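If you read the sequence shown in my numbering, its first letter stands for residue 28, the second for the next number, and so on. Have a look at the structure below before the remarks.
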Amino acid sequence: MRTRRATTLIEFLAGAAILALLLTLGISAFTNLANTNTNTVAFPQLQKDATDIVNRIATSVRRAGLCTSGGTVDAAVQSANSSSISVCVPNYGNCTVGTGCTLDTSIVGVTKYFTYSVDGSGNFSESLGTLPVGGSVNSAALASGTVSLNFQYCLSSTSSYNVSDYLDDTTNNAGKFSWVSGGSLPLTASQLKQVMAVKITATVTRSGRSASYTTTVRLRNSPKRVIS
Numbered sequence: 028m029r030t031r032r033a034t035t036l037i038e039f040l041a042g043a044a045i046l047a048l049l050l051t052l053g054i055s056a057f058t059n060l061a062n063t064n065t066n067t068v069a070f071p072q073l074q075k076d077a078t079d080i081v082n083r084i085a086t087s088v089r090r091a092g093l094c095t096s097g098g099t100v101d102a103a104v105q106s107a108n109s110s111s112i113s114v115c116v117p118n119y120g121n122c123t124v125g126t127g128c129t130l131d132t133s134i135v136g137v138t139k140y141f142t143y144s145v146d147g148s149g150n151f152s153e154s155l156g157t158l159p160v161g162g163s164v165n166s167a168a169l170a171s172g173t174v175s176l177n178f179q180y181c182l183s184s185t186s187s188y189n190v191s192d193y194l195d196d197t198t199n200n201a202g203k204f205s206w207v208s209g210g211s212l213p214l215t216a217s218q219l220k221q222v223m224a225v226k227i228t229a230t231v232t233r234s235g236r237s238a239s240y241t242t243t244v245r246l247r248n249s250p251k252r253v254i255s
C-alpha cells in the first residue's frame, strides 16, 4: 500500500511565497493598466484646457488697439511681464469677461483693458478694468488645477515699422526685431510701443499630470504703422 507524503513546512512556505509573488505581479500589472487608462483619459482634457487658455489670451492680444489716453499712448500692450499681460481696448463698449468687447464708435475716450494672469492659488484669471490700472475688475477662473503662464515679447527696433515688414522674413528684416523674456521683463513704456508679437505658453497641472500649449500671436495694430 502506497503512503502519501505529507507537505513539509519548507514546501508550504515556498508555495506561499510563489503565490504572493504572483499576486504582487498581478496587482502591479492591473495598477499600471489602470494608470495608463487614467492618463489616456486625463491628458487630452489637460491639453484642451491649456489650448483654450492660450487661445483666449491670443484673441485679446491680436485684437488689442492702441491706447489714446489713460495708459501708455500708442501702445496696445499696457503691461508686459513673464507671467502676466494687460492689453488695451480703446473706444469699446459692452465689455464682458469671457466674451470680449463690442465696438461702439459712439464711445470716445473710454479705454478698457484685459489683464491675464495667475492668482496666488494657481488659478488662471481674466480681468476687465478701466485704465489706469486700478479700476473695477472682474475675474473668471477658466481651468481647475494649477495653471502657469509664460510670455515672451517680440519688439521692433523702432516705435514704428513699415507695413511691408514681416516677422518671418529674417533675411530682409535681420536686426529689426528682437525677443525679450525672463529677467529682461517687465517692458518699459518705450518698449511697450514696440511690441509686435507675443509668444504665449500655458501649462495646466492636475493630479500630478501636466500639459502645455504655446502659440505666437502677431498684433494687428502694434507697433503704430506708418506707410512709406
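Glycine included, each C-beta is placed from N, C-alpha and C at the ideal position. Only a predicted model underlies this, so the values are computations on that prediction, with no experimental measurement involved.
Can you tell me the Cα-Cα spacing of Leu155 and Gly53, whole angstroms? 54 Å
Figure out for me which residue from Val81, Val174, Ile45 and Leu50 has the closest Cα to the Cα of Lys234. The sequence shown places Ser at residue 234, not Lys. Comparing Cα-Cα distances from Ser234 to each of Val81, Val174, Ile45 and Leu50, the minimum goes to Val174.
Out of Ser183, Leu214, Ser237 and Val225, which one is the CA nearest neighbour of Arg252? Ser183
Just mark Thr215 as buried or exposed, buried being the case when its beta carbon has 16 or more other beta carbons within 10 Å. exposed
Kindly indicate the opening and closing residues of the alpha helix (DSSP H) around Leu219. Ala216 to Leu219
With Ala103 as the anchor, note down where its beta strand (DSSP E) starts and where it stops. Taken as a continuous stretch (DSSP letters only), Ala103 belongs to no beta strand (DSSP E), as it is neither H nor E.
So, helix, strand or coil for Thr95, using DSSP? coil
Contact between the region 224-240 and the region 73-80 (3+ Cβ pairs under 8 Å): yes
CB contact flag (Ala102, Lys226, <8 Å): no
Are Gly172 and Val81 closer than 8 Å when you measure CB to CB? no
Classify Lys75 as helix, strand or coil using the three-state DSSP reduction. helix
Comparing alpha-carbon positions, which option in Arg245, Asn248, Thr142 and Asn108 lies nearest Val207? Asn108
Report the partner residues of Arg236 according to the DSSP bridge assignment. Arg233
Report the residue from Gly92, Cys115 and Gly209 whose alpha carbon sits nearest the alpha carbon of Tyr180. Gly209
Beta-carbon contacts of Ser113 that lie in its chain and below 6 Å, excluding the five residues immediately before and after: Gln105, Ser106, Tyr140 and Thr142
Cα-Cα separation between Pro213 and Phe70, rounded to whole angstroms: 33 Å
Considering only the beta carbon of each residue, do Ala91 and Asn248 sit closer than 8 Å? yes
State the Cα-Cα distance for the pair Arg236 and Ile37, rounded to the nearest angstrom. 46 Å
Buried versus exposed call for Ala229 [16 or more other C-beta atoms within 10 Å across all chains shown]: buried
Cα-Cα separation between Phe204 and Phe178, rounded to whole angstroms: 16 Å
Does the Cβ of Val100 have 16 or more other Cβ atoms within 10 Å, making it buried, or fewer, making it exposed? exposed
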